[in-house]
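Asker: Protein chains in written order, with my numbering: chain A, 128 to 327; chain B, 128 to 327. Got a structure here, written out as structure tokens. Questions coming.
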DNA sequence: GAAGCGATATGACAGCTGTCATGTGCGACA
DNA sequence: TGTCGCACATGACAGCTGTCATATCGCTTC
């Protein structure tokens with residue numbers, strides 16, 4: 128019997144996944160959490176074989192949860208189930224040590240199958256994504272990413288400078304580097320491109 | 128017996144909803160569609176009492192589907208099930224003539240209950256949203272909305288002018304109006320604010 | 001018909017943005 | 001130790017953006 132836990136903040140999807148798992152005879156649901164911290168607590172309590180989780184959750188993301196499993200040397204393996212099909216997300220997920228990455232777009236039959244494979248120690252990646260796993264490197268530095276996020280929120284160079292303690296000219300310089308690396312025409316387009324790739 | 132159809136492009140959620148509906152004894156599933164056009168075809172074929180649908184779908188949105196039901200004078204009623212909790216979305220949905228608007232955040236028990244109420248002719252709105260239904264009017268004109276969307280994508284005034292056939296000065300003027308109406312400091316912030324409200 | 005109003009349209013001007021040249025300091029590495 | 005690369009920093013300049021004054025047109029209201 129494979130012991131599974133669900134961590135998903137959308138109640139409807141969480142309970143629907145519960146219903147789907149309930150249809151399988153060789154998989155047992157041992158808990159369901161609505162946020163990352165509750166998930167961590169329940170994992171320590173039940174020590175499931177596999178945790179189905181979204182990436183974005185209140186409290187703790189699915190990726191942080193995966194990193195935590197590694198740090199605490201648990202055998203519990205993380206299977207990400209998400210809508211985000213951006214290359215950067217998959218890359219970051221794999222680097223966090225997740226055992227699988229499924230898209231919510233995929234057929235539900237893939238879910239139980241993926242749980243079985245992950246429980247057996249295999250690594251599972253949505254076929255739609257497998258080819259783009261190592262597609263393109265994030266060329267942005269931490270500084271560029273941070274300033275790009277502020278620019279995306281609508282702050283002008285002066286406000287970003289104040290926020291970060293940099294000079295206005297320096298802010299423009301970093302944004303110029305980001306714009307140039309991404310092949311964009313301005314900071315707005317640069318932010319959009321970076322977000323599409325999953326780099327923000 | 129209430130006859131229900133599901134229109135949802137995420138396969139996993141679609142099949143999970145199917146599983147949830149399957150648990151109810153007084154509700155019967157008569158079809159499931161992965162996009163708006165397929166949904167329309169299946170509605171004409173099966174004439175369900177209620178259609179569960181997301182707003183954003185390939186082919187046709189759930190709101191367009193609702194408007195179509197009204198135009199074709201069908202008795203089929205649309206129940207929106209979505210993640211979008213922005214005020215503007217609910218307002219536009221109600222104006223499109225939907226019979227209900229549920230958040231995926233809500234408990235799954237609310238789903239069957241909502242289906243029953245909608246089938247009985249009632250109107251159902253997620254309690255989290257009810258208070259903000261008429262919270263704030265969209266102050267933007269169609270022209271302003273369109274230009275704001277182009278600006279959000281990273282086009283500069285010149286590119287937007289070319290795209291729309293307007294003069295550069297006119298483009299800046301419309302964006303200025305939008306910025307001013309929204310109390311923003313620049314076009315980026317204006318686009319962000321408008322999107323948060325659900326006006327884009 | 002005249003006044004009022006909103007949508008459309010344009011140009012002038014100050015300030016902001018993107019680009020580039022240039023410079024400093026720090027750690028890596030042969 | 002030198003120099004190489006990289007992050008950090010700044011100023012100059014052309015072009016773009018935000019703001020405002022202004023004007024036309026169609027429609028409503030009296």
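For glycine and all other residues, C-beta sits at the position ideal for the given N, C-alpha and C. None of the values given here were measured: they were computed from a predicted structure.
For the alpha helix (DSSP H) holding residue 88(A), just list the boundary residues, first then last.
Answerer: Coverage of chain A is limited to positions 128 through 327, which leaves residue 88(A) absent and any answer about it impossible.
Asker: Report buried or exposed for residue 145(A), applying the criterion of at least 16 other Cβ atoms within 10 angstroms of its Cβ.
Answerer: Buried.
Asker: Can you tell me whether residue 303(B) is buried or exposed? The criterion is at least 16 other CB atoms within 10 Å of its CB, across all chains shown.
Answerer: It is exposed - the Cβ of residue 303(B) has fewer than 16 other Cβ atoms within 10 Å.
Asker: Who are the near neighbours of residue 95(A) in its chain, counting only those whose CB is closer than 7 Å to its CB and skipping five residues on each side?
Answerer: Past the edges of chain A, shown from 128 to 327, lies residue 95(A), and the structure says nothing about it.
Asker: Let's test the definition: count the other Cβ atoms within 10 Å of the Cβ of residue 128(A) and tell me whether it reaches 16, buried, or not, exposed.
Answerer: It counts as exposed.
Asker: Do you know offhand how far residue 230(B)'s Cα is from residue 313(A)'s?
Answerer: One C-alpha to the other measures close to 36 Å.
Asker: Helix, strand or coil, according to DSSP, for residue 291(A) in the structure here?
Answerer: Helix, per DSSP.
Asker: Starting from the Cα of residue 328(A), find the closest Cα among 279(A), 158(A), 287(A) and give me that residue.
Answerer: With chain A covering only 128 through 327, there is no way to say anything about residue 328(A).
Asker: Report the residue from 170(A), 218(A), 140(A) whose alpha carbon sits nearest the alpha carbon of residue 131(A).
Answerer: Per the Cα distances, 170(A).
Asker: So with Cβ pairs under 7 Å, would you call residue 164(A) a contact of chain B?
Answerer: Not closer than 7 Å to any Cβ of chain B, the Cβ of residue 164(A) fails to qualify, so no.
Asker: Sort 209(B), 273(B), 280(B) by Cα distance to residue 292(B) and report the nearest one.
Answerer: Minimum Cα distance to residue 292(B) is reached at 273(B).
Asker: How about residue 310(B): is its C-beta nearer than 7 Å to some C-beta of chain A?
Answerer: By this cut-off, residue 310(B) is not an interface position.
Asker: Could you tell me whether the Cβ atoms of residue 186(B) and residue 155(B) are closer together than 7 Å?
Answerer: No. Outside cutoff.
Asker: Out of 199(A), 239(A), 247(A), 188(A), state which residue places its alpha-carbon closest to the alpha-carbon of residue 219(A).
Answerer: Ranking 199(A), 239(A), 247(A), 188(A) by Cα distance to residue 219(A) puts 188(A) first.
Asker: Kindly say whether residue 142(A), judged by its beta-carbon, lies nearer than 7 Å to any beta-carbon of chain B.
Answerer: Output row for residue 142(A): interface = yes.
Asker: Quick check on this structure: which residue in 318(A), 295(A), 296(A) has the alpha carbon closest to the alpha carbon of residue 306(A)?
Answerer: It is 318(A).
Asker: In three-state DSSP terms, what is residue 130(A)?
Answerer: DSSP places residue 130(A) in strand when its eight states are reduced to three.
Asker: Can you find a CB in chain A that lies within less than 7 Å of the CB of residue 324(B)?
Answerer: Judged by the 7 Å Cβ criterion, residue 324(B) is not in contact with chain A.
Asker: Is DSSP giving residue 161(B) helix, strand or coil here?
Answerer: Coil, per DSSP.
Asker: Under a three-way DSSP split, which group does residue 182(A) fall into?
Answerer: Note: residue 182(A) maps to coil in three-state DSSP.
Asker: Taking residue 313(A) as the query, report the chain B residues whose CB atoms sit under 7 Å from its CB, ordered along the chain.
Answerer: Per Cβ cutoff of 7 Å: 281, 283.
Asker: Would you say residue 235(A) reaches chain B, if we count a Cβ-Cβ gap shorter than 7 Å as a contact?
Answerer: Residue 235(A) counts as touching chain B.
Asker: Classify residue 219(A) as helix, strand or coil using the three-state DSSP reduction.
Answerer: Helix at residue 219(A).
Asker: Please check the pair residue 192(B) and residue 166(B), which I expect to be a contact at CB under 8 Å, by giving their CB distance rounded to whole angstroms.
Answerer: The Cβ separation is near 6 Å, so the contact holds.
Asker: Which of the three DSSP states, helix, strand or coil, is assigned to residue 267(B)?
Answerer: It is coil, neither helix nor strand.
Asker: What is the DSSP secondary structure of residue 285(B), counted as helix, strand or coil?
Answerer: Reduced to three states, the DSSP call for residue 285(B) is helix.
Asker: In the DSSP output, what is residue 204(B) paired with across the bridge?
Answerer: Looking at the DSSP assignment, residue 204(B) forms a beta bridge with 177(B).
Asker: Would a C-beta distance cut-off of 7 Å place residue 326(A) and residue 149(A) closer than the cut-off?
Answerer: In this structure, residue 149(A) does not lie closer than 7 Å to residue 326(A) by Cβ.
Asker: Less than 6 Å between C-beta atoms, sequence neighbours within five positions excluded: which residues of the same chain meet that for residue 210(B)?
Answerer: Closer than 6 Å at the Cβ level, and outside the excluded window around residue 210(B), lie 231.
Asker: Check each candidate in 283(B), 279(B), 297(B), 256(B) and name the one with the smallest Cα separation from residue 315(B).
Answerer: Taking only the C-alpha atoms, the option nearest residue 315(B) is 279(B).
Asker: Give the residues from the stretch 186-212 of chain B that approach chain A closer than 9 Å (Cβ to any Cβ), ordered along the chain.
Answerer: Answer in chain order: 208, 210.
Asker: Since residue 190(A) contacts residue 223(A) with CB under 8 Å, what's their CB separation in whole angstroms?
Answerer: Yes, residue 190(A) and residue 223(A) are in contact; Cβ-Cβ is about 4 Å, under 8 Å.
Asker: Shorter than 7 Å from the beta carbon of residue 293(A) to some beta carbon of chain B?
Answerer: For residue 293(A), the answer is no, since every Cβ of chain B falls outside 7 Å of its Cβ.
Asker: Under 7 Å, do residue 151(B) and residue 239(B) count as touching if we go by C-beta distance?
Answerer: Yes, these two residues count as a Cβ contact at 7 Å.
Asker: Give me the chain B residues within the contact set of residue 319(A), using Cβ-Cβ distance strictly less than 7 Å, ordered along the chain.
Answerer: By Cβ distance, chain B contributes 280, 281.
Asker: With the cut-off set at 7 Å, would you say residue 256(A) and residue 321(A) are in Cβ contact?
Answerer: No, these two residues do not count as a Cβ contact at 7 Å.
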